[in-house]
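Heads up, the final residue of the sequence shown is numbered 90 in my numbering, and it's a clean run with no missing numbers.
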Amino acid sequence: TKGDNNDTADPWTVVYADGGWREVTHVPHIGWIMAKAQTRSARVLLVALPILLILIQVLRWIWRSEDDDQLELDYVEDLDHDLAGGRRAS
1 TKGDNNDTAD PWTVVYADGG WREVTHVPHI GWIMAKAQTR SARVLLVALP
51 ILLILIQVLR WIWRSEDDDQ LELDYVEDLD HDLAGGRRAS
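1. Look at the alpha carbon of G19 and the alpha carbon of V58, and state the distance between them as a whole number of angstroms.
2. Within its chain, find whatever has a CB closer than 8 Å to the CB of L79; leave out the 5 residues flanking it on each side and keep chain order.
3. From I54 to L73, what does the alpha carbon distance come to, in whole angstroms?
4. Just to confirm, is the Cβ distance from L49 to A37 under 8 Å?
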């Protein structure tokens with residue numbers, strides 16, 4: 001096979017057998033998506049977006065109000081009560 005634009009022959013040969021590659025399925029437009037992912041703006045977005053989402057979650061966790069904490073504790077206590085069959089867990 002001489003598709004690599006050099007002047008020498010390839011040091012290997014293709015062995016043809018009974019089997020071969022066949023297309024089983026395809027994902028439409030994946031080539032376009034992969035090509036766009038190579039641009040600078042897409043790479044920045046692919047890195048910045050997950051970082052931004054993680055940062056937002058961390059800030060929400062840090063700035064959570066005490067009322068939210070109390071609601072969560074009440075929910076856990078009610079869940080424990082229900083799981084104990086109506087008896088208060090000790």
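All residues carry an ideal CB built from backbone N, CA and C; glycine is no exception.
This is what the structure gives:
1. Mapped onto the sequence shown, residue 19 falls at position 19. Mapped onto the sequence shown, residue 58 falls at position 58. Going by the C-alpha atoms only, they are around 53 Å apart.
2. The sequence position of residue 79 within the sequence shown is 79, counting from 1. When the five nearest sequence neighbours on each side are left out, no beta carbon in the same chain lies closer than 8 Å to the beta carbon of L79.
3. By 1-based counting over the sequence shown, the position of residue 54 is 54. By 1-based counting over the sequence shown, the position of residue 73 is 73. Counting only the Cα atoms, L73 lies some 24 Å from I54.
4. Taking the sequence shown and counting its residues from 1, one reaches residue 49 at position 49. Taking the sequence shown and counting its residues from 1, one reaches residue 37 at position 37. It is not a contact, given that the beta carbons lie outside the stated cut-off.
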